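The sequence shown stops at residue 225 when you use the working numbering, and every number in between is there. Ideal Cβ positions, reconstructed from N, Cα and C, are used throughout, including at glycine. Since the model is a prediction, treat every value here as computed from it, not as a measurement. First comes the structure, then the notes that go with it.
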Amino acid sequence: MAERVAMLASERAVVVFTKSGCCMCTAVTTLLGELAVSAAVHELDREPLGKEMERELARRLYGSGGRGGPAVPAVFIGGSLVGGTSKVMAMHLKGELVPMLKSAGALWL
Numbered sequence: 117m118a119e120r121v122a123m124l125a126s127e128r129a130v131v132v133f134t135k136s137g138c139c140m141c142t143a144v145t146t147l148l149g150e151l152a153v154s155a156a157v158h159e160l161d162r163e164p165l166g167k168e169m170e171r172e173l174a175r176r177l178y179g180s181g182g183r184g185g186p187a188v189p190a191v192f193i194g195g196s197l198v199g200g201t202s203k204v205m206a207m208h209l210k211g212e213l214v215p216m217l218k219s220a221g222a223l224w225l
């Protein structure tokens, strides 16, 4: 499953793994949309292998136990895992998100 997540995570400059109906997922995808980022969004509850991918994301976010919080949203920029809602929002408030998006080729401004 690690290979599938890695492949999907590198399909665009920004990739977000979400679940439909998740308000934090909506907050992150809305922020990216307002920044004019065309992110690839994968809703895990609509993917045939979604449960397995969610376990892999939890492992990447929280270590081998895969426990510690929700696995979604999981944001990848330039193929690298950035984190979830709190990490993305904190980077945005610190002025770090836009430069990272530009560096990855997700923004041209």
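Are the beta-carbon atoms of residue i and residue j separated by less than 9 Å?
{"i": "Val-191", "j": "Met-140", "result": "no"}
{"i": "Val-121", "j": "Arg-176", "result": "yes"}
{"i": "Val-204", "j": "Leu-147", "result": "yes"}
{"i": "Gly-185", "j": "Gly-166", "result": "no"}
{"i": "Met-117", "j": "Glu-172", "result": "yes"}
{"i": "Glu-168", "j": "Lys-135", "result": "no"}
Can you give the Cα-Cα distance for residue i and residue j, rounded to whole angstroms?
{"i": "Ala-125", "j": "Phe-133", "result": "9 Å"}
{"i": "Glu-236", "j": "Ala-222", "result": "Nothing about residue 236 can be reported from this structure: the residues present for the chain run from 117 to 225 only."}
{"i": "Met-216", "j": "Ala-152", "result": "14 Å"}
{"i": "Ile-193", "j": "Ala-155", "result": "9 Å"}
{"i": "Gly-179", "j": "Trp-224", "result": "34 Å"}
{"i": "Leu-209", "j": "Ala-129", "result": "21 Å"}
{"i": "Glu-119", "j": "Val-157", "result": "18 Å"}
{"i": "Gly-211", "j": "Thr-145", "result": "18 Å"}
{"i": "Val-214", "j": "Met-207", "result": "9 Å"}
Taking the alpha carbon of residue i as the point to measure from, which residue in the options has its own alpha carbon closest?
{"i": "Asp-161", "options": "Val-198, Gly-137 and Ala-155", "result": "Gly-137"}
{"i": "Ser-202", "options": "Gly-179, Ala-143, Glu-159 and Trp-224", "result": "Ala-143"}
{"i": "Ser-219", "options": "Gly-195, Glu-127 and Leu-209", "result": "Gly-195"}
Name the two residues that bound the continuous alpha helix (DSSP H) containing residue i.
{"i": "Glu-172", "result": "166–178"}
{"i": "Gly-149", "result": "139–150"}
{"i": "Ala-206", "result": "201–209"}
Using a Cβ cut-off of 9 Å (strictly closer), state whether residue i contacts chain B.
{"i": "Leu-124", "result": "You won't find chain B in this structure, because it holds only one protein chain."}
Mind checking which residues open and close the beta strand (DSSP E) that includes residue i?
{"i": "Glu-127", "result": "Where Glu-127 is concerned, there is no enclosing beta strand (DSSP E), given that its DSSP letter is neither H nor E."}
{"i": "Ser-154", "result": "Ser-154 -> no beta strand (DSSP E), and no H or E assigned at all."}
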